[in-house]
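Enquirer: Count along the sequence shown from 1, add 171, and you get the number used in our numbering.
My structure is below; once you've seen it, I'll send some questions.
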Amino acid sequence: MSEKENITIDELAAFCKRKGFVYPSSEIYGGLSGFWDYGHLGTMLKRNFENLWREYFLGLDDNFYEIEASEIMPEKVFVASGHLKNFTDIAAKCKKGHIERADHIVRKSLGKKVDGLTSEELLKLVQKHKIVCPICKSTIDYVGPINMMFPIQLGVGTTTTAFLRPETAQSPYVNFKIQHEVTRGKLPMGLALIGRAYRNELSPRNMLIRQRAFVQAELQIFFDPSKIDEHPDFGSIKNYKLQVVISDHRDKEVQNISAGDLAKRIPKFYVYHMAKVQKFYLDVLKFPKDKFRFYELDEKERAFYNKYHFDMEVDLGALGWTEIGGVHYRTDHDLKGHQEISKQNLTVYDEETKKRFIPNVLELSFGVDRNFQTLMTFAYGYNKERNNVVLHFHPKLAPVKAAIFPIVKTDEKFVALAREIYANLREEWNVTYDDSGSIGRRYSRMDEAGAPWCITIDDASLKKKVVTLRDRDTTKQIIVKIDDLRDVLRKLMNGEIAFERAGKIVETRVK
Ligand code: GAP
């Protein structure tokens with residue numbers, strides 16, 4: 172199979188739009204920079220990712236729960252969290268009024284990363300290297316912070332200011348007290364939330380990577396800080412190798428360090444969850460091993476609320492290593508702030524140690540849209556022999572699990588049986604029925620939707636009650652009894668059986 176690697180952003184965006192996965196929002200009006208809509212296939216893929224995320228992370232501990240919460244929150248929340256003061260991007264403004272992110276302009280101009288620099292440091296670089304506006308080439312005369320939150324005026328004629336939340340995390344923090352009371356009253360307790368966050372990004376770009384509205388899947392784990400260097404299950408991952416870039420070894424693209432060794436410099440509770448995150452990517456989502464790593468941020472680079480901070484990064488080819496999530500040790504920063512501003516007691520009492528304290532938080536944060544774009548990039552391949560794109564999704568992620576084709580649509584007998592099989596499979600999975608065009612064209616449509624299997628109903632189906640099952644990645648075909656079909660698909664999907672062993676191999680002309 173000859174497949175093209177390193178798809179560019181423009182190619183990916185064009186493909187996603189052509190197949191209706193994802194495309195610019197309100198496009199019939201010219202679009203709105205930084206906003207994207209998901210079509211049917213995209214919605215299914217995103218949902219499958221979210222469901223695998225839920226299943227895996229909520230399954231880590233039986234004291235982890237999922238909640239939903241308002242996307243609009245009062246100003247005080249962000250006074251408490253520090254976002255009102257600190258959640259800023261450093262903007263560069265030119266004489267003609269164009270505004271861009273200062274670090275982006277400087278990085279592009281100097282060709283190196285400039286993360287963590289202050290406004291003053293960036294301004295000095297702009298002046299020293301005579302960096303001009305990338306849009307109109309005029310002089311940059313201002314470099315300074317701009318808050319990234321979207322304020323909202325509530326009601327009519329009132330002065331109540333609220334904000335669209337810039338991260339989902341604040342919702343579990345303001346829900347902590349009640350959730351801790353109504354659950355077991357124990358720690359660690361996890362609150363997971365999948366929902367939208369909003370940021371007034373200065374320069375939205377790279378499709379879903381930098382948007383102004385995006386979905387986050389975040390798990391906030393509240394724990395006793397005196398237990399940060401332990402986890403009852405640490406032994407199970409002690410020898411597991413983590414793929415990391417340590418902040419003082421940036422010369423190495425990636426190092427394989429055992430969890431046990433990493434725990435000599437980072438607390439065990441943190442390292443344990445890093446291992447679980449890496450296992451999610453490599454074992455559940457089956458990301459290529461060499462395209463995933465953790466990247467440690469140093470004191471200057473990390474978010475204002477973090478004490479330890481590793482980003483999850485993926486190698487997106489054309490875009491290079493790109494952040495898609497992070498493991499954040501947020502200490503008691505948020506709950507302490509909320510306790511102070513709300514005047515509510517957010518401490519907990521530990522019967523065992525007889526101590527009262529504010530829980531600390533370990534946050535596992537995932538950008539769903541960035542993960543989506545990663546899944547699309549990794550799945551994408553242009554197959555020259557077939558002359559079409561093939562999306563090699565893992566079956567559990569595939570938006571369409573199988574397509575059912577009657578060999579011809581003019582014969583009612585094939586159509587009736589195909590429809591019956593379609594209705595039966597649909598009870599369990601998202602499958603599709605397609606009777607238009609040649610079988611070859613139907614295969615290529617399904618390759619481009621990433622459907623792992625195509626099922627053809629032909630003469631043998633009527634006479635012998637069997638169907639032909641075609642594998643997307645190899646184009647191999649097998650014969651399967653209609654009565655066994657559901658069971659065979661389930662086993663294939665769970666990786667319990669190899670395709671070649673799931674039925675009798677057939678040789679056909681149409682691949
Ligand atoms: N609660 C922690 C937090 O929000 P973050 O690093 O600012 O941390 C977490 O964001 C993740 O959200 C990022 O790793 C990224 O995947 C996603 N994300 C952040 N800003 C984004 C944007 N403008 N567009 C798309 N995804 C974004």
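Beta carbons are placed, not taken as given, at the ideal position from N, Cα and C, and that holds for glycine.
Please read all numbers here as calculations on a predicted model, not as lab measurements.
1) In chain order, which beta strand (DSSP E) runs of at least 3 residues are fully inside the stretch 478-516?
2) Is the number of C-beta pairs between the stretch 526-542 and the stretch 483-495 that are closer than 8 Å three or more?
3) Specify whether the stretch 355-365 and the stretch 455-475 touch according to this definition: at least 3 beta carbon pairs, one from each stretch, less than 8 Å apart.
4) Measuring straight from C-alpha to C-alpha, what distance separates V386 and Y553?
5) For the putative contact between I628 and I592, defined by C-beta atoms under 8 Å, what is the C-beta separation to the nearest angstrom?
6) To the nearest angstrom, report how far apart Y313 and E271 are at their CA atoms.
7) Using 7 Å as the cut-off, classify the Cβ of E292 as near or not near the heavy atoms of ligand 1, replying yes or no.
8) First and last residue of the beta strand (DSSP E) that includes N534?
9) What would DSSP say about M172, mapped onto helix, strand or coil?
10) Can you tell me whether Q387 sits near ligand 3, meaning its C-beta is under 7 Å from at least one heavy atom of the ligand?
11) Three or more C-beta pairs closer than 8 Å, one from the stretch 440-449 and one from the stretch 407-415: is that the case here?
12) Is V277 closer than 8 Å to L293 when the C-beta atoms are compared?
13) Would you call V415 buried or exposed, if buried means 16 or more other Cβ atoms sit within 10 Å of its Cβ?
14) Which of the three DSSP states is assigned to M215 in this structure?
15) State the beta-bridge partners of V651 as determined by DSSP.
16) Check the C-beta distance from N234 over to G361 and give it rounded, since I have them as a contact under 8 Å.
17) At the level of alpha carbons, what is the spacing between M172 and V677?
18) Which one of Y344, F463, V571 has the shortest CA to CA distance from L413?
19) Quick one: Cα of F528 to Cα of R501, how far?
20) Let me check you understand the geometry: is the CB of Q510 closer than 7 Å to at least one non-hydrogen atom of ligand 1?
21) What did DSSP end up calling E667 once you bin it into helix, strand or coil?
22) Within 10 Å of its beta-carbon, does F670 have 16 or more other beta-carbons around it, so buried, or fewer, so exposed?
23) Pull up the CB-CB distance for F220 and L546, whole angstroms please, since I reckon it's below 8 Å.
24) Answer with buried or exposed for P403, where buried requires no fewer than 16 other C-beta atoms within 10 angstroms of its C-beta.
25) Quick one: what does DSSP say V345 is sitting in, helix, strand or coil?
26) Tell whether a beta-carbon distance below 8 Å holds between I417 and E467.
27) Please classify E239 as buried or exposed, where buried requires at least 16 other C-beta atoms within 10 Å of its C-beta.
28) Rounding to the nearest angstrom, what Cα-Cα distance links S632 and D644 in this structure?
29) Exposed or buried, G230, counting other C-beta atoms within 10 Å across all chains shown (16 or more means buried)?
30) Return yes when the Cβ of I306 is within less than 8 Å of the Cβ of T548, no when it is not.
31) Look up F585 in the DSSP assignment and say whether it is helix, strand or coil.
32) Would L660 and H565 be called neighbours here (beta carbons separated by less than 8 Å)?
33) Could you compute how far the alpha carbon of F451 sits from the alpha carbon of D461?
34) If contact is defined by three or more beta carbon pairs under 8 Å, each pair taking one atom from either stretch, is the stretch 333-340 in contact with the stretch 243-262?
35) Based on Cα-Cα distance, which residue from Y344, F321, R376, L379 lies nearest to F393?
36) CA-CA distance, M319 and Q382?
Expert: Checking against the coordinates, here is how it stands:
1) 479-486, 492-502
2) yes
3) no
4) Mapped onto the sequence shown, residue 386 falls at position 215. Mapped onto the sequence shown, residue 553 falls at position 382. So the two alpha carbons sit approximately 29 Å from each other.
5) By one-based count along the sequence shown, residue 628 stands at place 457. By one-based count along the sequence shown, residue 592 stands at place 421. Contact between I628 and I592 holds, with the beta-carbon distance rounding to 7 Å and staying under 8 Å.
6) On the sequence shown, residue 313 is found 142 positions in, with the first residue counted as 1. On the sequence shown, residue 271 is found 100 positions in, with the first residue counted as 1. C-alpha separation (whole angstroms): 11 Å.
7) Counted from its first residue, the sequence shown places residue 292 at position 121. For ligand 1, not one heavy atom lies less than 7 Å from the Cβ of E292.
8) Taking the sequence shown and counting its residues from 1, the one referred to as residue 534 is at position 363. Here the sequence assigns Glu to residue 534, which means Asn is not the residue at that position. E534 -> beta strand (DSSP E) spans 531-538.
9) Walking along the sequence shown from the start, residue 172 turns up at place 1. In this prediction, M172 scores a pLDDT of 45, lower than 50, which makes its location untrustworthy; the coordinate-derived value is nonetheless stated afterwards. Coil at M172, not helix or strand.
10) This structure lacks ligand 3; the ligands present are ligand 1.
11) Touching, yes.
12) Walking along the sequence shown from the start, residue 293 turns up at place 122. Walking along the sequence shown from the start, residue 277 turns up at place 106. Result yes, Cβ atoms of L293 and V277 sit closer than 8 Å.
13) Translated into the one-based positions of the sequence shown, residue 415 becomes position 244. Result: buried.
14) For the purposes of this step, residue 215 is identified with residue 44 of the sequence shown, where counting begins at 1. If DSSP states are grouped into helix, strand and coil, M215 belongs with the helices.
15) Counting from one through the sequence shown, the residue named residue 651 turns up at place 480. Answer is V638.
16) Here residue 234 corresponds to residue number 63 of the sequence shown, with the count starting at 1. Here residue 361 corresponds to residue number 190 of the sequence shown, with the count starting at 1. Right, their Cβ atoms sit about 7 Å apart.
17) What you label residue 172 is simply residue 1 of the sequence shown in a count that begins at 1. What you label residue 677 is simply residue 506 of the sequence shown in a count that begins at 1. Confidence is the limiting factor: at M172 the pLDDT is only 45, short of 50, which leaves the residue's position unreliable and the question unanswerable from this model.
18) For this step, residue 413 is matched to residue 242 along the sequence shown. When each option's Cα is compared against that of L413, the closest is F463.
19) Counting from 1 along the sequence shown, the entry for residue 528 is found at position 357. Counting from 1 along the sequence shown, the entry for residue 501 is found at position 330. Approximately 15 Å, taken between the alpha carbons.
20) Stepping through the sequence shown from its first residue, residue 510 is reached at position 339. No, ligand 1 has no heavy atom inside 7 Å of this Cβ.
21) Walking along the sequence shown from the start, residue 667 turns up at place 496. The answer is coil: DSSP assigns E667 none of H, G, I, E or B.
22) As a first step, residue 670 is located in the sequence shown; it is residue number 499 there, counting from the start. Buried, since its Cβ has 16 or more Cβ neighbours within 10 Å.
23) Locating residue 220 in the sequence shown gives position 49, where the first residue counts as 1. Locating residue 546 in the sequence shown gives position 375, where the first residue counts as 1. Confirmed, Cβ separation roughly 7 Å.
24) Translated into the one-based positions of the sequence shown, residue 403 becomes position 232. Exposed, since its Cβ has fewer than 16 Cβ neighbours within 10 Å.
25) In the sequence shown, the residue the question calls residue 345 occupies position 174. V345 falls in the helix class under three-state DSSP.
26) What you label residue 417 is simply residue 246 of the sequence shown in a count that begins at 1. What you label residue 467 is simply residue 296 of the sequence shown in a count that begins at 1. The answer is yes: Cβ separation under 8 Å.
27) As a first step, residue 239 is located in the sequence shown; it is residue number 68 there, counting from the start. By the neighbour-count rule (16 or more Cβ atoms within 10 Å), E239 is not buried but exposed.
28) Within the sequence shown, residue 632 is the residue found at index 461, counting from 1. Within the sequence shown, residue 644 is the residue found at index 473, counting from 1. Their Cα atoms are separated by approximately 24 Å.
29) As a first step, residue 230 is located in the sequence shown; it is residue number 59 there, counting from the start. Exposed: under 16 other Cβ atoms inside 10 Å.
30) The residue given as residue 548 occupies position 377 in the sequence shown. The residue given as residue 306 occupies position 135 in the sequence shown. In this structure, T548 keeps its C-beta atom at 8 Å or more from the C-beta atom of I306.
31) In the sequence shown, residue 585 corresponds to position 414, counting from 1. In this structure, F585 counts as helix in the three-state DSSP scheme.
32) For the purposes of this step, residue 660 is identified with residue 489 of the sequence shown, where counting begins at 1. For the purposes of this step, residue 565 is identified with residue 394 of the sequence shown, where counting begins at 1. No, Cβ-Cβ distance for L660 and H565 is not below 8 Å.
33) Position 280 of the sequence shown, counted from the start, is the residue given in the question as residue 451. Position 290 of the sequence shown, counted from the start, is the residue given in the question as residue 461. Rounded to the nearest angstrom, the two C-alpha atoms are 15 Å apart.
34) yes
35) Position 222 of the sequence shown, counted from the first residue, corresponds to residue 393. Among Y344, F321, R376, L379, the Cα nearest to that of F393 belongs to Y344.
36) Counting from 1 along the sequence shown, the entry for residue 319 is found at position 148. Counting from 1 along the sequence shown, the entry for residue 382 is found at position 211. C-alpha separation (whole angstroms): 12 Å.
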